[in-house]
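I have placed the structure first, in the form of structure tokens, so that the comments after it can refer back to it.
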Amino acid sequence: MHLFRICGKNIIIECGIGFDRNGEFQAQYVPDGNWLIGTHIDLIILTHKHLDHSGAIPRLVWHHPEALVLMSAKCFDGTVIAVEDSLKIWRNEANNAERNGLPVPEPIFTEEMAEAFFNNPNLRVFNPPYWLDPQEDLRGQWPGWEIGFYGAGHDTGAVSVYMIRPDGKYLYLTGDIASHDGENARGVLLPPDDFLGDFFDRPGTMVTEATNGGRRMEKPRSQLDEELNRFIKSVDAKGGILLCAEFAGTKSGNMMVKLNNLGYKVVVDGLARRHIRVEVPDVDQRIRDGRVVFIEERDQELAWKQRADYAAGVHGFVSIIAASGSMDQGFAASAYGPVILEGEKNAVVFTSHIFDDSTTQRLLNIKRGRTIKMKKFVNGRLEPIRVNVRCEVRHFGYSSHDYQDGLVERVRLARPEETLIVHHCPGKATFDAFAERVNSLPPPPKTIWGLNGRKIFI
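Residue numbers (the UniProt record's numbering): 1 to 458.
Structure (structure tokens):
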């Protein structure tokens with residue numbers, strides 16, 4: 001969460017949650033600052049739906065009914081899915097706690113907060129590219145401001161934010177961004193001139209993400225696609241089944257389209273089905289022509305039979321996408337993992353971020369033939385099981401974040417004359433590597449690492 005105090009306005013960008021893991025226990029944490037209760041907030045902007053940006057937005061909006069709330073229509077649709085799933089997970093955790101005589105965990109937000117967010121009268125959604133109308137969108141209460149949004153790549157509906165302030169300076173926030181194309185979101189370095197106009201012909205401040213600020217793209221996407229295709233063909237030739245354990249949002253949709261483009265039939269399960277309906281506009285046609293199969297969503301008895309049959313290879317070779325990027329719980333771990341992991345001919349592929357101490361990380365490091373502890377749904381609750389890992393497990397690094405070269409080139413083109421604030425940076429080594437490249441630009445901007453809790457005056 002970023003709070004900007006600019007020209008008499010208080011503007012919040014994002015309100016996500018963080019994740020931490022200690023052995024089998026995963027903790028979620030929320031932004032510092034007690035939700036800024038007591039501070040008048042004029043505007044809240046959400047750039048995209050991922051939980052590290054949106055996961056606590058219902059509670060923030062609940063505490064600030066005075067704020068105008070802005071996001072793209074696709075971002076809103078995806079956030080609704082994520083919010084509803086978060087509540088479902090909390091209800092399951094609460095039921096498990098009650099059954100075991102443990103304290104019920106406090107939710108990050110309540111159902112009442114979620115409903116208030118969905119139906120907020122101050123919520124405005126738009127289709128980028130879009131410049132806000134001073135009267136219709138900003139209610140005539142923002143004289144001298146110009147605020148626009150343009151696609152950021154990275155995720156369907158993700159946007160960057162472009163603000164011209166009343167003092168004539170600009171504020172440019174990239175949000176999570178990618179200059180390379182994804183399957184469902186076109187990459188963006190900067191918008192074209194017909195959107196920007198003279199936006200950068202003035203002094204200003206740029207806020208950029210730097211998730212991959214210390215990394216250069218090792219291989220072109222086309223080469224990575226070829227390697228993935230060869231690997232899948234080898235699984236098919238052995239008579240195996242491929243499990244793609246992906247994050248439900250963005251990664252599942254990208255992988256589904258990628259596999260279809262490579263010529264493979266795809267079975268989709270879990271929360272990925274809802275996100276794909278938002279992210280892939282022609283998904284219904286793909287289902288009709290047989291390129292994609294969605295596991296049954298209403299008849300649970302039929303659904304579990306389908307899962308068992310596809311995992312066992314009854315229908316021949318298929319690629320299964322199950323929304324469980326960490327393999328710690330969900331359908332990938334419960335319905336498919338115990339079967340596919342134990343088959344020598346099978347394979348499991350990950351393309352998402354690998355969290356420290358996650359089941360995914362352990363699977364990538366384990367020797368074949370060793371046993372790993374997982375969790376499986378049994379009678380509506382998660383139960384520990386042990387699985388002998390005999391299949392091949394691979395990670396293909398399809399990052400949806402820009403790499404160092406794209407990040408630096410964007411700074412060069414935006415030429416922020418005052419300050420460059422770097423956030424979403426995984427550590428000092430990454431910041432230093434990125435800052436070194438940026439500081440070689442003529443003229444170098446003042447570069448600041450936007451650490452959590454830090455006050456920056458611009």
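All C-beta atoms in this analysis are idealised placements derived from N, C-alpha and C, irrespective of residue type, glycine included.
Straight-line Cα distance separating residue j from residue i
| i | j | result |
| --- | --- | --- |
| P384 | G204 | 54 angstroms |
| I6 | H401 | 28 angstroms |
| G427 | Q300 | 44 angstroms |
| T419 | D405 | 19 angstroms |
| L407 | F434 | 8 angstroms |
| R454 | T211 | 18 angstroms |
| S222 | A323 | 25 angstroms |
| D155 | S352 | 13 angstroms |
| E297 | F126 | 30 angstroms |
| F4 | A73 | 24 angstroms |
| P281 | P416 | 36 angstroms |
| V438 | G213 | 10 angstroms |
| L441 | I421 | 15 angstroms |
| M1 | L60 | 10 angstroms |
| R412 | F200 | 11 angstroms |
| I12 | M255 | 32 angstroms |
| R273 | F294 | 7 angstroms |
| P121 | Q141 | 17 angstroms |
| L138 | L123 | 11 angstroms |
| N96 | D236 | 40 angstroms |
| R368 | F350 | 17 angstroms |
| W62 | G239 | 53 angstroms |
| G258 | T359 | Inspection of the sequence shows that residue 258 is occupied by Lys rather than by Gly. Cα to Cα, K258 sits roughly 25 angstroms from T359. |
| D193 | A414 | 12 angstroms |
| F377 | F331 | 8 angstroms |
| G101 | I89 | 18 angstroms |
| E98 | L382 | 14 angstroms |
| M206 | H64 | 26 angstroms |
| T430 | C15 | 23 angstroms |
| S252 | G157 | 15 angstroms |
| P34 | L364 | Residue identity differs from the one stated: residue 34 is Asn in this sequence, not Pro. If I take the Cα positions, the gap works out to 38 angstroms. |
| N388 | P338 | 8 angstroms |
| L196 | E436 | 28 angstroms |
| F247 | G397 | 13 angstroms |
| K305 | G153 | 38 angstroms |
| Y336 | R91 | 24 angstroms |
Residues that residue i bridges to, as DSSP identifies them
| i | result |
| --- | --- |
| S319 | L242, V266 |
| S324 | According to DSSP, S324 bridges with nothing at all. |
| Q28 | F19 |
| F4 | I11 |
| M374 | I385 |
| I45 | I13, L70 |
| F350 | H395 |
| G343 | The partner list for G343 (beta bridge, DSSP) is empty, contrary to what the question assumes. |
| H423 | E209 |
| L171 | M163, T205 |
| G151 | V159 |
| I448 | I421 |
| E146 | I164 |
| W131 | G148 |
| Y403 | N212 |
Contact set for residue i: own chain, Cβ-Cβ below 7 angstroms, skip 5 residues either direction
| i | result |
| --- | --- |
| I340 | I241, L243, A311, N346, V348, C391 |
| I17 | Q28, Y29, V30, L51, D52, G55, A56, I108 |
| R202 | G168, K169, Y170 |
| residue 532 | Beyond the ends of the chain as shown, which are 1 and 458, falls residue 532; an answer cannot be given. |
| R277 | V283 |
| P362 | The question names Pro, but residue 362 in the sequence shown is Arg. Here the set comprises I372. |
| H40 | N10, E66 |
| D77 | V278 |
Sequence-distant residues of the same chain with beta carbon closer than 8 angstroms to residue i, five excluded per side
| i | result |
| --- | --- |
| T79 | L46, K49, S54, I57, M71 |
| R386 | T371, I372, K373, M374 |
| residue 459 | Any property of residue 459 remains undetermined from this structure, which presents the chain solely from 1 to 458. |
| P166 | C7, P143, G144, W145 |
Own chain residues within Cβ distance below 6 angstroms of residue i, not counting five before or after
| i | result |
| --- | --- |
| S180 | As written in the sequence, residue 180 is His, which differs from the Ser given in the question. For H180, where only same-chain residues beyond five positions count, the Cβ hits under 6 angstroms are G187. |
| K9 | D42 |
| V267 | V293, Y310, V318, I320 |
| E183 | N254, V257, K258 |
| A94 | V104 |
Q) Any chance the segment 145 to 157 sits against the segment 126 to 135, with 3 or more Cβ pairs inside 8 angstroms? A) yes
Q | Meets three-Cβ-pair contact criterion under 8 angstroms: the segment 109 to 127 and the segment 313 to 323 | A | no
Q) Looking at C-beta atoms only, is the number of pairs between the segment 436 to 456 and the segment 222 to 238 that lie closer than 8 angstroms three or more? A) no
Q. Hey, is the segment 366 to 381 in contact with the segment 255 to 273, meaning 3+ C-beta pairs nearer than 8 angstroms?
A. no
Q: Pick out the complete beta strand (DSSP E) segments inside the segment 56 to 126, 3 residues or longer, and give them in chain order.
A: 68 to 72, 123 to 126
Q. Three or more beta-carbon pairs under 8 angstroms between the segment 85 to 98 and the segment 276 to 288, yes or no?
A. no
**Q.** Start-end ranges of the beta strand (DSSP E) lying completely within the segment 267 to 305, minimum 3 residues
**A.** 292 to 294
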